[in-house]
Amino acid sequence: MVTDRWLEIDWKTPLPDKRAITRSRERLRFEQVSLEHPAIDAMLAELRRLFAGGGALLASFRVFEDDAVAQWFASRNRLQEYGFFGPFLTSEAVRTALPELGAPRRLGDKSLELKWPPGNSFSLDGILAGFLHAGGCYEKFHGTPVEAKRMAGDFTHAIIEDRYDEFLVYHTDQAWARFFDENIPANNTFVIVDKRNAQITLLCLADAD
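At position 55 of the sequence shown (counting the first as 1) the number is 597 in the working numbering, and the numbers step up by one without a gap.
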């Protein structure tokens, strides 16, 4: 287990081959960890009010079993290339923590791995503030743009603190689980990776017309 080294790049080790990557992904194991903070509770409550036709789901997980290959890619911010999202999203830990998500046991569309453009931890609060201010299909945010930015900022700070350079943020609008409505363009999944602690926070948003 080398999860304490997701921040450290080993420049002497070459790119792992495909067989090593496949074996590495099979070794990944996750467990749910607690993520409690008043700012998180407030943000989720408001998102659930706005997205009344779908909802907002959040849970956090720790990677408790990985290897040097996973560390090679994580430390270089190349989790997409490693193929991290399939094993994570279909893991028993995610299905158990968020049963209402309806996560599949496998992702049949292999192209899903190619549609997770990396985001930026510095701008996550702005993206979420935009969702708040835009509102849902039927419900609207009752505050000002400044209040939306503040609520989203408090939420992201509760997760990231001031360690922006230690986090990776990935975002997709694909309807990869039953929770999402593929006919409504209101599906959003955020995978927020804390490299220091090998902890992944999963935020899923959906609405329905």
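Built from N, CA and C at the ideal position, the CB exists for glycine as well.
- By the criterion of at least three beta-carbon pairs nearer than 8 Å, the region 589-597 is in contact with the region 671-679.
- Our two residues, residue 733 and residue 601, have alpha carbons roughly 10 Å apart in a direct line.
- Of all C-beta pairs linking the region 688-700 to the region 579-586, three or more are shorter than 8 Å, placing the two stretches in contact.
- Its chain contains 645, 646, 647, 648, 649 as the residues whose beta carbon lies nearer than 7 Å to that of residue 632, once the 5 sequence neighbours on both sides are disregarded; these appear in chain order.
- Here the alpha carbon of residue 729 sits roughly 16 Å from the alpha carbon of residue 666.
- With 16 or more neighbouring CB atoms inside 10 Å of its own CB, residue 630 falls in the buried class.
- The DSSP-derived three-state label of residue 741 is strand.
- Each residue's CA atom was taken as its position, placing residue 725 and residue 547 some 41 Å apart.
- Buried is the label assigned to residue 597, since at least 16 other Cβ atoms lie within 10 Å of its Cβ.
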